[in-house]
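Engineer: If you read the sequences in order, they're chains P and Z.
First residue of the first sequence? That's 1 in the working numbering, and the numbers climb one at a time after it.
First residue of the second sequence? That's 320 in the working numbering, and the numbers climb one at a time after it.
Cβ coordinates follow ideal geometry from the N, Cα and C atoms, glycine included.
It should be emphasised that the depicted structure is a prediction, and the values quoted were computed from it without experimental measurement.
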Amino acid sequence: MSRRLLAGYLAVAVLIGCTPLFLDAYWVDVLCNVGLYALLALSLNLILGDAGLFHMGHAAFYAVGAYTAAILNTRLQLPILWALPIAGLAAAIFGAIVARPVIHLRGDYLLIVTIGMGEIVRIALVNDLGGLTGGSNGIFGIGRPSLFGWKLRRPDEFLYLIWGFVALTVFLFHRLAQSRFGRALNTLREDEVAAEGSGVDTARYKLMAFVMGAAWAGMTGSIYAAKMTIISPESFSFWESVVVFVIVILGGAGSIPGVILGAFLVIGLPEIFRGLASYRMLFFGLALMVMMVVRPQGFLPLRPVRFREADVPPEGAAP
Amino acid sequence: MSALLEIREATKVFGGLTAVNKVSFDVKQGQIVGLIGPNGAGKTTVFNLITGNYRADGGTITFDGRSLAGLRTHRIVQLGIARTFQNIRLFQQLSAVENVLAGRHCRTGAGALAAMLRLPGQRREEREAAERAAAELSFVGLRGQAMELARNLSYGNQRKLEIARALATDPRLVILDEPAGGMNENETEELIGLIRRIQARGITVLLIEHDMSLVMKACENIVVLEYGARIAMGPPEAVKQDRRVIEAYLGTDEELA
Numbered sequence: 001m002s003r004r005l006l007a008g009y010l011a012v013a014v015l016i017g018c019t020p021l022f023l024d025a026y027w028v029d030v031l032c033n034v035g036l037y038a039l040l041a042l043s044l045n046l047i048l049g050d051a052g053l054f055h056m057g058h059a060a061f062y063a064v065g066a067y068t069a070a071i072l073n074t075r076l077q078l079p080i081l082w083a084l085p086i087a088g089l090a091a092a093i094f095g096a097i098v099a100r101p102v103i104h105l106r107g108d109y110l111l112i113v114t115i116g117m118g119e120i121v122r123i124a125l126v127n128d129l130g131g132l133t134g135g136s137n138g139i140f141g142i143g144r145p146s147l148f149g150w151k152l153r154r155p156d157e158f159l160y161l162i163w164g165f166v167a168l169t170v171f172l173f174h175r176l177a178q179s180r181f182g183r184a185l186n187t188l189r190e191d192e193v194a195a196e197g198s199g200v201d202t203a204r205y206k207l208m209a210f211v212m213g214a215a216w217a218g219m220t221g222s223i224y225a226a227k228m229t230i231i232s233p234e235s236f237s238f239w240e241s242v243v244v245f246v247i248v249i250l251g252g253a254g255s256i257p258g259v260i261l262g263a264f265l266v267i268g269l270p271e272i273f274r275g276l277a278s279y280r281m282l283f284f285g286l287a288l289m290v291m292m293v294v295r296p297q298g299f300l301p302l303r304p305v306r307f308r309e310a311d312v313p314p315e316g317a318a319p
Numbered sequence: 320m321s322a323l324l325e326i327r328e329a330t331k332v333f334g335g336l337t338a339v340n341k342v343s344f345d346v347k348q349g350q351i352v353g354l355i356g357p358n359g360a361g362k363t364t365v366f367n368l369i370t371g372n373y374r375a376d377g378g379t380i381t382f383d384g385r386s387l388a389g390l391r392t393h394r395i396v397q398l399g400i401a402r403t404f405q406n407i408r409l410f411q412q413l414s415a416v417e418n419v420l421a422g423r424h425c426r427t428g429a430g431a432l433a434a435m436l437r438l439p440g441q442r443r444e445e446r447e448a449a450e451r452a453a454a455e456l457s458f459v460g461l462r463g464q465a466m467e468l469a470r471n472l473s474y475g476n477q478r479k480l481e482i483a484r485a486l487a488t489d490p491r492l493v494i495l496d497e498p499a500g501g502m503n504e505n506e507t508e509e510l511i512g513l514i515r516r517i518q519a520r521g522i523t524v525l526l527i528e529h530d531m532s533l534v535m536k537a538c539e540n541i542v543v544l545e546y547g548a549r550i551a552m553g554p555p556e557a558v559k560q561d562r563r564v565i566e567a568y569l570g571t572d573e574e575l576a
C-alpha cells in the first residue's frame, strides 16, 4: 500500500469517526448504509473486479448470511455477533455449491445464470423455506448485538461497528491483493488460457473467488440483520445485486479505494439529492450513462502495478 | 533409455478434418528439437495435445514415463512442461514481474488465509518468488523493465517475457510456439543464444518455427509435418536433403509444370 493511499484511508477514517459529532441520526444512518454497501461491493470486487467473473446475484449470498444469523439468533438465542462467522461460513458453502456447476461459463452467460440464482434464493425465502424464513414477512425480533457487554442500539454505535468492519476488510483485502492468491485471480481476469498454461488451476481459483466473496457478503448480511432487527426477502431483491454491481463498475473494478468511493457515490449521492424527489433516479441513470461513455474504467481505476520496485531484488544471482 | 517426451500415433480430428494424423516422435532429455512444416500442417495442434489444451482422439503422449492423457493443463505444467503461445498471451494489464510471478504459482502454496495473516511461511515464499522472478527477468534480459506493464513492452520483449514466465515454472521441457515470430534478424540471433542458454540449464526445448535459419542453427533434431502427418525426422542436414520436405516447401515438378 502506498503512503498516499494510507494517508487517504486515515483521513476518511477520522472523518467518518467524527461524523456523529456534527451529523444528526438520519445522516449517520445513511453513512451506515454506505458502509454496508461498501462491504458488499468489496466482496463482489473479489469476484467481478479481481477475477473478472460477471456475477449479478450477489444479494443471494448477502441473504444467506442474513437469514443464517437471524435464524440462529431467534431460534437458538445465539448472540448475533457470534453468528457472524457462522453466517460467513454458511454463505461460503452455499457459494461453493451454486458456483461449482456454472463457473465454466463466460461473460454474459455467467451473468444470466447468477441473476437466476439470486432470484431463486429470493423466491425460496418468500416461500418460507423449511418453515424457517418466515415467508414474505421475513424474520423479526432479532436481538441487538452487544460488544464486550455494551449493547448497540443507536445509529452512531452501528456506525463504528460497520466502519470498523470495513477498515478490517480493507486491510485484509489489500494483503490479499498483493499475494499469490490475489495474483492468481488477476491472471484469470487477464487471460484464462494463459493462466492455466502458466500453472494456475483456473477452475479452483474461480471457485475460490466465489467462496471468498460469498463469505464476506454473508458476514455483512449478519451485520445488516443485527442493525435492522427485522429482515425480509424484499431487502435481497435483484435490484440490490444490480446496485452492488454498479458500485464496483462505477468506482473502478479491481480497485479497493475505487469501490469505497463507488459506495459513497451510488448510495450517498441520491440521499443528498432527495429534494429532487422522483427526478433523482433520472439523474442517476443519466450520470451512469455519461460515465460509461466518458470514463468506462471507473472513477478510481485499479492502479495497475501492485508489486513495487522495492519488492523485486536487484540484478545479480542467476536462476 | 526412453525419451523425456514420447508421442505415439497422436491423432486429433476437428469435425471432418484430421488435423494431426498418427504423429509419432521422441524428444530426448537435453535436446533442442524443432517441429516444422507449412502453414496448417498441425504443428500448434500437436503442441496443444501435449499441453492438454486439446484432448487427443487417439494415440498416447508420455512425459518421463507418465501418460498425460486426461490431465488438465495446469497439472501438466506442474509435471514440468511449460509453454509459450504463437499469438502472445501475456497478462497485459499486469507488470512484467507479475507475469513471471504467475509462473511461480504452481511451485508455491500459500493460500488466502496465510496471505491475510501474513504468516512467516507466506512472507518467505513471497520473497523467494520475487527473487526467482527477478532472476528469470535478468536471464531473458528484461530486468530493467520489471515494472513495465506487459502491454507496453515491444513485440520482441513480449516474446522474451513469455519465455521468462515459462521458465519460472521450473520446467524440464519448454515448448516454444514460433518464438522468433515478428522478430528482426538481430533479435532472432539473440533468441538463438537464449535458447542455447536454456538448454545449458538442463532444460529440454521443443519449438515450432518458420525461420529456417533459426531451426537449422539451433535444433539438433527436426520433425517435419505436412497435412497433419509426419513426413520426415532427423538431424537438420538430413532433413534439408529430404525429397518430401523439399516438395512440401517448394512444390513438386508436376505442380510447377
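1) Among the candidates P:Val30, P:Lys151, P:Phe264 and P:His55, whose CA atom is the shortest distance from the CA of P:Gly118?
2) Can you list, in chain order, the residues of its chain whose CB lies under 7 Å from that of Z:Ala322, leaving out five sequence neighbours each side?
3) Can you pull the chain Z neighbours of P:Ser278, defined as C-beta to C-beta under 9 Å?
4) In chain Z, which residues lie with their C-beta within 7 Å of the C-beta of P:Glu190?
5) From this set, Z:Val339, Z:Arg327, Z:Ala487 and Z:Ala431, which residue's C-alpha is nearest P:Val211's C-alpha?
6) Under 9 Å Cβ-Cβ, which residues of chain Z neighbour P:Thr321?
7) Tell me where the alpha helix (DSSP H) around Z:Arg327 begins and ends.
8) Would DSSP call Z:Gly377 helix, strand or coil?
9) With 7 Å as the limit, tell me which residues of the stretch 141–175 of chain P have their beta carbon closer than that to any beta carbon of chain Z; keep them in chain order.
10) Per DSSP, Z:Thr337 is paired with what?
11) Hey, how far is the Cα of P:Ala194 from the Cα of Z:Gln477?
12) Could you pull the start and end residues of the beta strand (DSSP E) that Z:Val543 belongs to?
13) With 9 Å as the threshold, decide whether the Cβ of Z:Val493 is near any Cβ in chain P.
14) Look up P:Pro145 in the DSSP assignment and say whether it is helix, strand or coil.
15) Distance cutoff 9 Å, beta carbons only. Does Z:Glu444 sit that close to anything in chain P?
16) Could you tell me the alpha carbon to alpha carbon distance between P:Ala25 and P:Leu161, rounded to whole angstroms?
17) Do you know how far the Cα of P:Ala41 is from the Cα of P:Phe245?
18) Contact check, Z:Leu368 vs Z:Ile380 under 8 Å by CB: the rounded distance?
19) Could you tell me the alpha carbon to alpha carbon distance between P:Ala318 and P:Val259, rounded to whole angstroms?
20) Check whether the Cβ of P:Phe329 lies closer than 9 Å to any Cβ atom in chain Z.
21) Tell me which same chain residues have a C-beta within less than 6 Å of the C-beta of P:Lys227, skipping the five on either side of it?
22) Let me know the secondary structure DSSP gives P:Phe54 once reduced to three states.
23) Contact check, Z:Arg408 vs Z:Ala452 under 8 Å by CB: the rounded distance?
24) Cβ of Z:Asp496 within 9 Å of Cβ of Z:Arg426?
25) So, helix, strand or coil for Z:Ile355, using DSSP?
26) Step through the CB atoms of chain P and report whether any lies within less than 9 Å of the CB of Z:Gly430.
27) When you compare only the Cα positions, how much space is there between P:Leu89 and P:Gly135?
28) So Z:Arg484 contacts chain P; which residues on that side make the cut at Cβ distance below 8 Å?
29) Quick one: grab the DSSP three-state call for P:Arg183.
30) Are the CB atoms of P:Ala184 and P:Leu48 within a distance shorter than 9 Å?
31) Where Z:Gly378 and Z:Ile565 are concerned, what is the direct C-alpha to C-alpha distance, given to the nearest angstrom?
32) Mind checking who Z:Arg293 pairs with in its DSSP beta bridge?
33) Are any of the Cβ atoms in chain Z nearer than 9 Å to that of P:Ala317?
34) How long is the line joining the alpha carbons of P:Asp156 and P:Ile267, rounded to whole angstroms?
35) What residues from chain P crowd round Z:Val396, counting only those whose CB sits closer than 9 Å?
36) Identify the contact partners of P:Ala184 in chain Z, using a Cβ-Cβ distance below 9 Å as the criterion.
Structural biologist: Walking through what the data contain:
1) As a position in the first sequence, residue 118 of chain P is number 118, starting the count at 1. Here the closest residue by C-alpha is P:His55.
2) The residue given as residue 322 of chain Z occupies position 3 in the second sequence. So the qualifying residues of the chain are Asp345, Val346 and Lys347.
3) Locating residue 278 of chain P in the first sequence gives position 278, where the first residue counts as 1. Simply none; closest approach about 40 Å.
4) Against the first sequence, residue 190 of chain P aligns to sequence position 190. Neighbours of P:Glu190 on chain Z, chain order: Phe410, Gln411, Gln412 and Leu413.
5) Along the first sequence, read from residue 1 onward, the residue named residue 211 of chain P stands at position 211. Answer by Cα proximity: Z:Ala431.
6) Here chain P comprises residues numbered 1 to 319, so residue 321 of chain P is not present and cannot be evaluated.
7) The sequence position of residue 327 of chain Z within the second sequence is 8, counting from 1. Z:Arg327: not part of any alpha helix (DSSP H); member of the beta strand (DSSP E) spanning Leu324 to Phe333, first to last residue.
8) As a position in the second sequence, residue 377 of chain Z is number 58, starting the count at 1. Z:Gly377 falls in the strand class under three-state DSSP.
9) Listed by position along the chain: Leu172 and Arg175.
10) Mapped onto the second sequence, residue 337 of chain Z falls at position 18. In DSSP, Z:Thr337 forms a bridge with Z:Val332.
11) Counting from 1 along the first sequence, the entry for residue 194 of chain P is found at position 194. Counting from 1 along the second sequence, the entry for residue 477 of chain Z is found at position 158. One alpha carbon belongs to P:Ala194, the other to Z:Gln477, and they sit about 14 Å apart.
12) In the second sequence, counting from the first residue as 1, residue 543 of chain Z sits at position 224. Start and end: Asn540 to Glu545.
13) Counting from 1 along the second sequence, the entry for residue 493 of chain Z is found at position 174. False, the Cβ-Cβ gap to chain P never drops below 9 Å.
14) Indexing the first sequence from 1 puts residue 145 of chain P at position 145. Annotated three-state conformation of P:Pro145 is coil, per DSSP.
15) Within the second sequence, residue 444 of chain Z is the residue found at index 125, counting from 1. Yes, Z:Glu444 counts as interfacial toward chain P.
16) Here residue 25 of chain P is taken as the residue at index 25 of the first sequence, counted from 1. Here residue 161 of chain P is taken as the residue at index 161 of the first sequence, counted from 1. Cα to Cα, the separation comes out at about 15 Å.
17) Taking the first residue of the first sequence as position 1, residue 245 of chain P is located at position 245. Taking the first residue of the first sequence as position 1, residue 41 of chain P is located at position 41. Roughly 7 Å between the two C-alpha positions.
18) By 1-based counting over the second sequence, the position of residue 368 of chain Z is 49. By 1-based counting over the second sequence, the position of residue 380 of chain Z is 61. Taking a contact as a CB-CB distance under 8 Å, the pair Z:Leu368 and Z:Ile380 counts as one, their CB atoms being some 6 Å apart.
19) Here the question's residue 318 of chain P lines up with position 318 in the first sequence. Here the question's residue 259 of chain P lines up with position 259 in the first sequence. Its pLDDT being 49, under 50, P:Ala318 is placed unreliably by the model, and nothing is read from it.
20) Residue coverage of chain P in this structure runs from 1 to 319, which leaves residue 329 of chain P outside it and unanswerable.
21) Residue mapping note: residue 227 of chain P aligns to position 227 of the first sequence, counting from 1. Result list for P:Lys227: Phe158, in chain order.
22) To locate residue 54 of chain P, count along the first sequence from 1; it is residue 54. DSSP places P:Phe54 in coil when its eight states are reduced to three.
23) The residue given as residue 408 of chain Z occupies position 89 in the second sequence. The residue given as residue 452 of chain Z occupies position 133 in the second sequence. With a Cβ gap of about 18 Å, Z:Arg408 and Z:Ala452 do not count as contacting.
24) Here residue 496 of chain Z corresponds to residue number 177 of the second sequence, with the count starting at 1. Here residue 426 of chain Z corresponds to residue number 107 of the second sequence, with the count starting at 1. Their beta carbons are not under 9 Å apart, which means Z:Asp496 does not touch Z:Arg426 by this criterion.
25) Indexing the second sequence from 1 puts residue 355 of chain Z at position 36. Here Z:Ile355 sits in strand by DSSP.
26) For this step, residue 430 of chain Z is matched to residue 111 along the second sequence. Among the CB atoms of chain P, one or more fall inside 9 Å of the CB of Z:Gly430.
27) Within the first sequence, the letter at position 89 stands for residue 89 of chain P. Within the first sequence, the letter at position 135 stands for residue 135 of chain P. Near 23 Å, if we compare the C-alpha coordinates of P:Gly135 and P:Leu89.
28) In the second sequence, residue 484 of chain Z corresponds to position 165, counting from 1. The contacting residues are Ser198.
29) The residue labelled residue 183 of chain P in the question sits at position 183 within the first sequence. Here P:Arg183 carries a helix assignment [DSSP, helix/strand/coil].
30) Taking the first sequence and counting its residues from 1, one reaches residue 48 of chain P at position 48. Taking the first sequence and counting its residues from 1, one reaches residue 184 of chain P at position 184. Contact check for P:Leu48 against P:Ala184 fails: the beta carbons are separated by 9 Å or more.
31) Your numbering for residue 378 of chain Z matches position 59 in the second sequence. Your numbering for residue 565 of chain Z matches position 246 in the second sequence. The straight-line gap from Cα to Cα measures roughly 28 Å.
32) Lying before the first or after the last residue shown, residue 293 of chain Z is absent from chain Z, which here runs from 320 to 576.
33) Position 317 of the first sequence, counted from the start, is the residue given in the question as residue 317 of chain P. With a pLDDT of only 48 at P:Ala317, under the threshold of 50, the placement of this residue in the model should not be trusted; the figure read from the coordinates follows. Closer than 9 Å: yes.
34) Here the question's residue 156 of chain P lines up with position 156 in the first sequence. Here the question's residue 267 of chain P lines up with position 267 in the first sequence. CA-to-CA, the gap between P:Asp156 and P:Ile267 works out to about 18 Å.
35) To locate residue 396 of chain Z, count along the second sequence from 1; it is residue 77. Simply Glu196, Gly197, Ser198, Gly199 and Val200.
36) Start at 1 with the first residue of the first sequence, and residue 184 of chain P comes out as number 184. Those within 9 Å of P:Ala184 in chain Z are Ala421 and His424.
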